[in-house]
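Peer 1: According to the UniProt record's numbering, the sequence shown is numbered sequentially starting from 1. Just so you know, even glycine gets a beta-carbon here, dropped at the ideal spot from N, CA and C.
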Amino acid sequence: MGYSDIYAKWQANPEVFWMEAAGAIDWVRKPTRALNDDRAPLYEWFTDGTVNTCWNAVDRHVLAGRGKQPAIIHDSPVTGTKHVITYAELLDRVSRLAGALKAHGVTKGDRVIIYMPMVPEALEAMLACARLGAIHSVVFGGFAAAELAVRIDDCKPKAIIAASCGVEPARVVHYKPLLDGAIEMATHKPEFCVIFQREQEVAKLIDGRDLAWHTFQYGVEPADCVPVEGNHPAYILYTSGTTGAPKGVVRPTAGHLVALNWTMRAIYNCGVGDVFWAASDVGWVVGHSYICYAPLIAGCTTVVFEGKPVGTPDAGTFWRVIEEHKVKTFFTAPTALRAIKRDDPEGLLMADYDTSSMQALFLAGERADPDTVQWAGRHLNVPVIDHWWQTETGFAIAANPLGLGLLPMKIGSPAVAMPGFDVRVLDEGGHEVSPGTLGAIAIKLPLPPGTLPTLWNAEERFVKSYLSHFPGCYETGDAGYVDADGYLYIMARTDDVINVAGHRLSTGAMEEVLAGHKDVAECAVIGVADALKGQSPLGFLCLNKGVDRAPADVVAECVRLMRDKIGPVADFKRAVVVERLPKTRSGKILRATMVNIADGKPWKMPATIDDPAILDEITAVLQGIGLAKG
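(1) Closest to His-83 by C-alpha separation, out of Phe-46, Glu-121, Leu-101 and Gly-99, would be which residue?
(2) Does DSSP put Ala-179 in a helix, in a strand, or in coil?
(3) Within this structure, are the beta carbons of Leu-91 and Val-112 separated by less than 9 Å?
(4) Between which two residues does the beta strand (DSSP E) holding Gly-477 run?
(5) Tell me the rounded alpha-carbon separation between Thr-619 and Gly-67.
(6) Could you say which of Val-520, Thr-79, Ile-291 and Ile-85 lies nearest to Asp-344 if we only look at CA atoms?
(7) Can you check DSSP and say which residues form a bridge with Phe-386?
(8) Buried or exposed: where does Met-358 fall if 16 or more other Cβ atoms within 10 Å of its Cβ makes it buried?
(9) Please name the residue, chosen from Val-282, Leu-505, His-104 and Ala-575, that lies closest to Gly-208 on a Cα-to-Cα basis.
(10) Does Tyr-489 pass the burial test, meaning 16 or more other C-beta atoms within 10 Å, or should it be called exposed?
(11) Based on DSSP bridge pairs, tell me the residues matched to Cys-523.
(12) How big is the Cα-Cα spacing for Ala-71 and Ala-254?
(13) Give me the Cα-Cα distance between His-387 and Arg-591, rounded to the nearest whole angstrom.
(14) What does Ile-160 pair with, by DSSP beta-bridge criteria?
(15) Count the other CB atoms within 10 Å of the CB of Asn-400; is the residue buried (16 or more) or exposed (fewer)?
(16) So for Gln-535, helix, strand or coil by DSSP?
(17) Candidates Leu-406, Glu-522 and Leu-532: which alpha carbon is nearest Leu-541's?
(18) Is Ile-625 buried or exposed, if buried means 16 or more other CB atoms sit within 10 Å of its CB?
(19) Among residues of its own chain, excluding the 5 on either side of Phe-196, which ones have a beta-carbon nearer than 6 Å to its beta-carbon?
(20) Under the assumption that Lys-176 contacts Ala-203 (Cβ atoms under 8 Å), give the Cβ distance between them as a whole number of angstroms.
(21) Assuming contact is defined by CB atoms lying nearer than 9 Å, are Arg-265 and Gly-271 in contact in what I supplied?
(22) Going by C-alpha distance, which of Ala-134, Pro-117, Gly-477 and Val-138 is nearest Gly-307?
(23) Residue range of the alpha helix (DSSP H) that Val-513 falls in?
(24) Relative to the alpha-carbon of Tyr-293, which residue among Ala-57, Val-569, Leu-627 and Lys-604 has its alpha-carbon at the smallest distance?
(25) Figure out for me which residue from Leu-260, Glu-579 and Leu-538 has the closest Cα to the Cα of Ile-498.
(26) Which residues bound the alpha helix (DSSP H) around Ser-4?
(27) Buried or exposed for Thr-243, going by 16 or more other Cβ atoms inside 10 Å?
(28) For Arg-342 and Val-373, what's the separation of their Cα atoms in angstroms?
(29) For Arg-367 versus Leu-438, is the C-beta distance shorter than 9 Å?
(30) Judging by CA-CA distance, which residue of Pro-77, Val-528, Gly-394 and Ala-575 is the nearest neighbour of Glu-324?
(31) If you drop the 5 nearest sequence neighbours on each side, which residues of the same chain put their C-beta closer than 7 Å to that of Asp-478?
(32) Helix or strand or just coil, what does DSSP make of Asn-596?
(33) At 4 residues or longer, and completely inside the segment 45–69: list those alpha helix (DSSP H) runs for me, N to C.
(34) Between the beta-carbon of Thr-335 and the beta-carbon of Ile-589, is there less than 9 Å?
(35) Grouping DSSP H, G and I as helix and E and B as strand, with all else coil, what is Asp-314?
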């Protein structure tokens, strides 16, 4: 069955569709129904079933005779090491770690914070928690102590599992002092911490609280899988909130298993024995869904990569990994591709590697501008598939499903809604708009299995943040439109749609135009306050390596390009050339912070920022053109 038939099947009977998908999972007690709508609009899935995530991700593959198959490939150019862990080895390692946690009192429902870099032990910690029915919360390794403390106080972990350090291309990041500082700041104190000592830095342990990873596990009984209810939280993942307080997205166990397993074949066309690589981090939702859980649930080999798209050692490192490990499906962020394209605009390094094992490249995280998509497709000679999803959903809302037969490609669109998602484009009054009209993107309830049912200890905030603006719908916070063929276009966050003299304009559409300039490697557009027109667009341009033209000439050409492509209505008259853009560690450009700086409004250093010094550079550039006056 192709996409249209599958989507129609879901529409006709969602209950039957998801119960059939649930048949691919090993249950302790099979559910008798898929959807539980007893507390609508707070929906839950497979609530009367019992199941264990770790069993489905590890044990069942060993039981099926695939114990010798690689489960995890760790490739770390920053430390110069590579390591393969088979499914049998993974089962041994995870069950022993779970046994040690159990021996120290960790039981079903307890929370455990994981604060680790891109090492296999991070996945082992996640799976060990799942084995016991403990609820993990992964915090990006190296996160500031104050932000870690907020998460400690919100989820109140019994234990914290951390590494001594993280390794960056030019430095070692000291995790243990950050952890110690966070625990000191937090009101809640964990009962114990487990520290994985790395050879790059051996941390000082605190007597009575800290335990070394290896000695902690010495001589313990391996733990068996603990069955949990279908709606039992598998994990809490904190995402930045507009109020500054992080939102703890809850991921329910059974729906998570069913949905992720379905996506691996339907969207990514990957199954048992295939090598799947998501070049992300376990601190982000992509790392949860497509580094740890989905590939292992589906019996694939997952690549855990500790490095950067450029500089470890060069812009060819991704292609080296694909060749060496025979990656079938590769998933990264557009910002990573743009970094590679900036260093290697002609794609010369790609010619050094055989990437013929790769069937497709998937992009998500930031909007995939057409120029970057075309550049990657031209040099890799595979489909480049943009797809759109959120931390809250845990998997793709819209995609071009490789496993169901690729649909015609429309560059600039993440294609069509996946089963489970009834996507609507609405005006401010909640009415659907006509095809091609920009509006707020919402999803008709109920959301499918695996999506968030609530926020951790914040049900009222969940309803207010997501369900109140458009009753009967989940508000995504993104703006865009649907074309006459049903293809979705995500143009900007709702907050990034600017109002220029009464015209609602998408900054994403403007960025698309700027990215088409031959000298522009990356760009961003924000709306700054304008006394006459309300807002006025301002562009930020990062140029390709080797461009030696006067920045003013590039800016002038970009202004003309915008007038030609979008028209005078855009009122695009200003752009500045900058060395780099401020981003989160997952690659999202911090546009809202840039707007506050430009408008001279108070702003807070974002917790997820990759390099705080960039904001000083941006402030100086803005002051140079008469903005950023506090």
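Peer 2: Concretely, from the data shown:
(1) Counting from 1 along the sequence shown, the entry for residue 83 is found at position 83. Ranking Phe-46, Glu-121, Leu-101 and Gly-99 by Cα distance to His-83 puts Glu-121 first.
(2) Sequence index remark: in the sequence shown, residue 179 carries index 179 (1-based). At residue 179 the sequence reads Leu, which differs from the Ala that was named. The DSSP-derived three-state label of Leu-179 is helix.
(3) Working through the sequence shown from its first residue, we reach residue 91 at position 91. Working through the sequence shown from its first residue, we reach residue 112 at position 112. No Cβ-Cβ contact shorter than 9 Å links Leu-91 with Val-112.
(4) Indexing the sequence shown from 1 puts residue 477 at position 477. Its beta strand (DSSP E) spans residues 473–482.
(5) Working through the sequence shown from its first residue, we reach residue 619 at position 619. Working through the sequence shown from its first residue, we reach residue 67 at position 67. C-alpha separation (whole angstroms): 55 Å.
(6) Locating residue 344 in the sequence shown gives position 344, counting from the first residue. Here the closest residue by C-alpha is Val-520.
(7) The residue you call residue 386 lines up with position 386 of the sequence shown. Per the sequence shown, residue 386 should be read as Asp rather than Phe. Answer by DSSP bridge pairing, in chain order: Leu-363.
(8) As a working note, residue 358 is residue 358 in the sequence shown. Met-358 comes out buried.
(9) Counting from one through the sequence shown, the residue named residue 208 turns up at place 208. Closest in alpha carbon position to Gly-208, among Val-282, Leu-505, His-104 and Ala-575, is His-104.
(10) Taking the first residue of the sequence shown as position 1, residue 489 is located at position 489. Buried is the call here.
(11) Translated into the one-based positions of the sequence shown, residue 523 becomes position 523. Leu-541.
(12) Within the sequence shown, the letter at position 71 stands for residue 71. Within the sequence shown, the letter at position 254 stands for residue 254. One Cα belongs to Ala-71, the other to Ala-254, and the distance between them is close to 22 Å.
(13) Stepping through the sequence shown from its first residue, residue 387 is reached at position 387. Stepping through the sequence shown from its first residue, residue 591 is reached at position 591. So the two alpha carbons sit approximately 21 Å from each other.
(14) As a working note, residue 160 is residue 160 in the sequence shown. Residue pairing by DSSP puts Ile-160 in a beta bridge opposite Ile-113 and Cys-193.
(15) Counting from 1 along the sequence shown, the entry for residue 400 is found at position 400. When all chains shown are included, Asn-400 counts as buried.
(16) Locating residue 535 in the sequence shown gives position 535, counting from the first residue. Note: Gln-535 maps to strand in three-state DSSP.
(17) For this step, residue 541 is matched to residue 541 along the sequence shown. With distances taken between Cα atoms, Leu-541 lies closest to Glu-522.
(18) Counting from 1 along the sequence shown, the entry for residue 625 is found at position 625. Around the beta carbon of Ile-625, fewer than 16 other beta carbons sit within 10 angstroms, so the residue counts as exposed.
(19) Stepping through the sequence shown from its first residue, residue 196 is reached at position 196. Closer than 6 Å at Cβ, skipping near neighbours: Glu-121, Ala-163 and Trp-213.
(20) As a first step, residue 176 must be located in the sequence shown, where it is residue number 176. As a first step, residue 203 must be located in the sequence shown, where it is residue number 203. At roughly 4 Å, the Cβ-Cβ gap stays under 8 Å, so Lys-176 and Ala-203 are in contact.
(21) Here residue 265 corresponds to residue number 265 of the sequence shown, with the count starting at 1. Here residue 271 corresponds to residue number 271 of the sequence shown, with the count starting at 1. Yes, the Cβ-Cβ distance between Arg-265 and Gly-271 is below 9 Å.
(22) Along the sequence shown, one-based indexing puts residue 307 at 307. If we check each option's Cα against that of Gly-307, Pro-117 comes out closest.
(23) Counting from one through the sequence shown, the residue named residue 513 turns up at place 513. Annotation: the continuous alpha helix (DSSP H) that includes Val-513 extends over 507–515.
(24) Taking the sequence shown and counting its residues from 1, one reaches residue 293 at position 293. When only C-alpha atoms are compared, the closest one is Ala-57.
(25) If you number the sequence shown from 1, residue 498 lands on position 498. Answer by Cα proximity: Leu-538.
(26) Start at 1 with the first residue of the sequence shown, and residue 4 comes out as number 4. Per DSSP, Ser-4 is one residue of the alpha helix (DSSP H) stretching across 3–12.
(27) Position 243 of the sequence shown, counting from 1, holds the residue named residue 243. Residue placement at Thr-243 cannot be trusted, given a pLDDT of 47 that sits under 50; the coordinates are not used to answer.
(28) Position 342 of the sequence shown, counted from the first residue, corresponds to residue 342. Position 373 of the sequence shown, counted from the first residue, corresponds to residue 373. Straight across, the Cα-Cα distance linking Arg-342 with Val-373 is about 14 Å.
(29) Locating residue 367 in the sequence shown gives position 367, where the first residue counts as 1. Locating residue 438 in the sequence shown gives position 438, where the first residue counts as 1. Their beta carbons are not under 9 Å apart, which means Arg-367 does not touch Leu-438 by this criterion.
(30) Taking the sequence shown and counting its residues from 1, the one referred to as residue 324 is at position 324. Glu-324 has its Cα closest to that of Pro-77, out of Pro-77, Val-528, Gly-394 and Ala-575.
(31) To locate residue 478, count along the sequence shown from 1; it is residue 478. So the qualifying residues of the chain are Ile-441, Ile-490, Arg-493 and Thr-494.
(32) Here residue 596 is taken as the residue at index 596 of the sequence shown, counted from 1. Of the three classes helix, strand and coil, the one that applies to Asn-596 here is helix, per DSSP.
(33) Fully enclosed alpha helix (DSSP H) runs of no fewer than 4 residues occupy 60–63 of the segment 45–69, in order along the chain.
(34) Position 335 of the sequence shown, counted from the start, is the residue given in the question as residue 335. Position 589 of the sequence shown, counted from the start, is the residue given in the question as residue 589. Yes; because the gap between Cβ atoms is below 9 Å, this pair is in contact.
(35) Along the sequence shown, read from residue 1 onward, the residue named residue 314 stands at position 314. Asp-314: coil per DSSP, three-state reduction.
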